[in-house]
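Engineer: Protein chains in written order, with the working numbering: chain A, 242 to 655; chain B, 27 to 175.
Every residue, glycine too, gets a C-beta built ideally from N, C-alpha and C.
Computed from a predicted model, the values in this text were never measured in an experiment.
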Amino acid sequence: MSKLNVEQIRKDFPILQRQIEGKQLVYLDNAATSQKPRAVIDSLTGYYEGYNANIHRGIHTLAEEATDAYEAVRETVREFIDADHTHEIIFTRGTTEAINLVAYSWGNANILPGDEIVLTAMEHHSNLIPWQRLATERNAKLVFIPITEDGQLDMKEAQKLISDKTKIVAATQMSNVLGTINPIKELAKLAHEKGAVILVDGAQGVPHVKTSVRDLDVDFLVFSMHKMLGPTGVGVLYGKTELLEAMQPFQSGGHMISSVWRDKATWSELPWKFEAGTSNIADVIASGKAIEYLTALGMDNVRAHEIEITEYALNKLNELGDISIFGPKDATLRGGVVSFNVDAIHAHDIGQICADAAIAIRAGHHCCQPLMRDLNVMGTARASFYIYNTKEEVDLLFEALKEADKVLGHVACR
Amino acid sequence: MSLADDLYRETILDHYHNPRNHGVIEHPTAQVEGVNPLCGDELTLYLTVKDGKIEDVKLTAKGCSINTASGSMMSELLLGKSVEEANQIVDLFKRMMLDKKEEVELPDELEDLEALRGVKKYPVRIKCALLPWNTMLEGLDNTLNSSSK
């Protein structure tokens, strides 16, 4: 049984009181972005009302307070993902920017013509396009680890595909479509055996599964705070010290320098070398509150709650008969992401009928067009759960899907 | 029941379940692909235009109910019309869907399209309703260009 007190948790999230045309909001779009607890929202106003100042520059009280609060979050993040050093934590605008940073700064220095970049068939566009561009520029090759019928990574193929030619493996920790949790530790081992590095897209994984970069032995881990109770606009890049030290800056300008002359400059040390310009101070500080909130709940409890609700949802939705659910059948192999199609109904129609019942789900290609082609669908509907979701909400989703099936299902001519 | 009655009213459901003029034309005078990159909807429009008149129109669509129903209604209304009339009807329908300031009135013979007026309330779905019509404009344009050569 879940150790989370969901009823109590729900009280911490003001938006969950929201009514839409007289109906209680049911928020099942957490893989897109999570809702924010009061502590995070208060942190934002607390900063702007109490100690708004630019960091690392001023000598006045506000600047010192803001700098301390900002840098303290680096330590909070370090501890959360079990990294060795705080200077290995770099704040970015989000997962996408963090991947672009690595593809640019690490990629340009390390990828040569003929090299191979190994991805998986289930990557989000954000962990595909930067590598596509790098491969094109460098005349390198993209290689994709395929998925098995039930949506898991084909590790036999992975063993063959990760080779001496591989320079980097970039894989998602958890699929935002299938929910599959990938065997990152094994992938890291395969990569390291061949002298390659591994980047893990933790955008879906880190918010839901206890993640230790030390245990997984990954070289880069990237994730976004807004999917784990934090504000939008903050991402994290974790990188091993020796890799980050060797990399050139991604963006340049203020704050990332050590000494500047008219014709040359030297870079600041880690992590500031990669944080050009004024940082997203307020949102980083609020991100710290989000991590504190999750830590207080306990990530093991978060995971247990999600397994419970996902298992319930898989069973309940299957009662519909007319439904195809993608990804692993076993809830312990997947996160709280359930993608499905009902009969031949277009995902947007399902989304609309759910919206009319004040249920927020996602419908479409989920920024995974190649995977949609593999699954031979135009898109899917997707419900995704978090700490505040209940089985009653799954029941409401089920009722809405029944309605959709009644109104729009059983189309004869297509 | 909390269904969006405006969106899934009977006329739309009828056209969705039984789309008119569904299929292909072997040797059309124009064939145009319409794509909605945001939702991945795709349709192919086939047109046979002779002596400035739409003699045949067929559609194959992979899309949502709004897209399918809108294309079906369009094909029914434009079949047999002159290119000029067709362009006027497309223009009127687009104005009805897009005009935010005033309600654009439709003449009696286009009253079926009233069923789609409700889609206006759902801004993200307007493009679904418009896809067949924009594809039609392109098709009519192509026909004109090819016949004037």
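So does K401(A) have its beta carbon nearer than 7 Å to some heavy atom of the ligand SAM?
Structural biologist: As presented, the structure is devoid of all ligands, the ligand SAM included, so that no description of it is given.
Engineer: Secondary structure at I256(A), three-state DSSP: helix, strand or coil?
Structural biologist: helix
Engineer: Taking C-beta to C-beta, are E434(A) and M396(A) nearer than 8 Å?
Structural biologist: The answer is no: Cβ separation not under 8 Å.
Engineer: Would you mind telling me which residues of chain A sit closer than 7 Å to S91(B), beta carbon to beta carbon, in chain order?
Structural biologist: Correct list: H587, D590 and L649.
Engineer: With a threshold of 8 Å on Cβ separation, who are the neighbours of H326(A) within its own chain once the five nearest residues in sequence on each side are excluded?
Structural biologist: R319 and T482
Engineer: Can you pull the chain C neighbours of L71(B), defined as C-beta to C-beta under 9 Å?
Structural biologist: Included in the structure are the protein chains A and B, with no chain C among them.
Engineer: Within this structure, are the beta carbons of L555(A) and I628(A) separated by less than 8 Å?
Structural biologist: no
Engineer: Quick one: Cα of E68(B) to Cα of L157(B), how far?
Structural biologist: Taking the CA atoms as reference points, E68(B) sits about 9 Å from L157(B).
Engineer: Assuming T70(B) and T86(B) form a contact by the criterion Cβ under 8 Å, report the distance between their Cβ atoms to the nearest whole angstrom.
Structural biologist: Rounded to the nearest angstrom, the Cβ distance from T70(B) to T86(B) is 5 Å, consistent with a contact under 8 Å.
Engineer: Just how far apart, CA to CA, sit A95(B) and E81(B)?
Structural biologist: 21 Å
Engineer: Determine, for L7(B), whether the minimum Cβ-Cβ distance to residues of chain A falls below 8 Å.
Structural biologist: As shown, chain B starts at 27 and ends at 175. That puts residue 7(B) outside it, with no answer to give.
Engineer: Using beta-carbon positions only, say whether V281(A) and K530(A) come within less than 8 Å of one another.
Structural biologist: yes
Engineer: Spell out whether any CB of chain B is found under 8 Å from the CB atom of H606(A).
Structural biologist: Chain B, which has a Cβ nearer than 8 Å to the Cβ of H606(A), makes this yes.
Engineer: Would a check of beta-carbon distances place G66(B) closer than 8 Å to chain A?
Structural biologist: yes
Engineer: Under DSSP, the beta strand (DSSP E) around D82(B) begins and ends at which residues?
Structural biologist: K79 to K88
Engineer: Kindly list the residues whose CB is nearer than 6 Å to the CB of I331(A), restricted to its own chain and excluding five residues on each side of it in sequence; keep chain order.
Structural biologist: L478, P512 and F515
Engineer: Of all Cβ atoms in chain B, is any one closer than 8 Å to the Cβ of M363(A)?
Structural biologist: no
Engineer: For W502(A), count neighbouring C-beta atoms within 10 Å of its own C-beta (all shown protein chains included) and say buried if the count is 16 or more, exposed if not.
Structural biologist: exposed
Engineer: Give the residues of chain A in contact with K88(B), contact being defined as C-beta atoms less than 7 Å apart.
Structural biologist: The contact set of K88(B) on chain A, defined by CB atoms closer than 7 Å, consists of M619 in chain order.
Engineer: Given a cut-off of 8 Å, decide if P371(A) and A344(A) are closer than it, judged by their beta-carbon atoms.
Structural biologist: yes
Engineer: Are there 16 or more other CB atoms within 10 angstroms of the CB of V61(B), so buried, or fewer, so exposed?
Structural biologist: exposed
Engineer: Run through DSSP, which three-state label would R279(A) get?
Structural biologist: helix
Engineer: Are there 16 or more other CB atoms within 10 angstroms of the CB of N559(A), so buried, or fewer, so exposed?
Structural biologist: exposed
Engineer: Quick check on L266(A): does DSSP put it in helix, strand or coil?
Structural biologist: coil
Engineer: Kindly list the residues whose CB is nearer than 6 Å to the CB of T656(A), restricted to its own chain and excluding five residues on each side of it in sequence; keep chain order.
Structural biologist: Given a span of 242 to 655 for chain A in the structure shown, any question on residue 656(A) remains unanswerable.
Engineer: Along the alpha helix (DSSP H) that carries E110(B), what are the first and last residues, could you check?
Structural biologist: V109 to L124
Engineer: Put N349(A) into one of helix, strand or coil per three-state DSSP.
Structural biologist: Assigned with DSSP and collapsed to three states, N349(A) falls in helix.
Engineer: Around the Cβ of Q393(A), are there at least 16 other Cβ atoms within 10 angstroms (buried) or fewer (exposed)?
Structural biologist: buried
Engineer: Starting from the Cα of T333(A), find the closest Cα among M415(A), E640(A), Q265(A) and G518(A) and give me that residue.
Structural biologist: G518(A)
Engineer: Can we say the region 308-318 of chain A touches the region 606-618 of chain A, given the rule of at least three CB pairs closer than 8 Å?
Structural biologist: No, they do not touch.
Engineer: Cα separation between I439(A) and A155(B)?
Structural biologist: 45 Å
Engineer: Compare the beta carbon distance of V58(B) and G144(B) with 8 Å and say whether it is the shorter of the two.
Structural biologist: no
Engineer: Give me the DSSP bridge partner(s) of I358(A).
Structural biologist: I358(A) is bridged to L383(A) and I409(A).
Engineer: Quick check: the Cα distance between T452(A) and G446(A), rounded to an integer number of angstroms?
Structural biologist: 8 Å
Engineer: Closest by CA to F385(A), which one among A432(A), L649(A) and I358(A)?
Structural biologist: I358(A)
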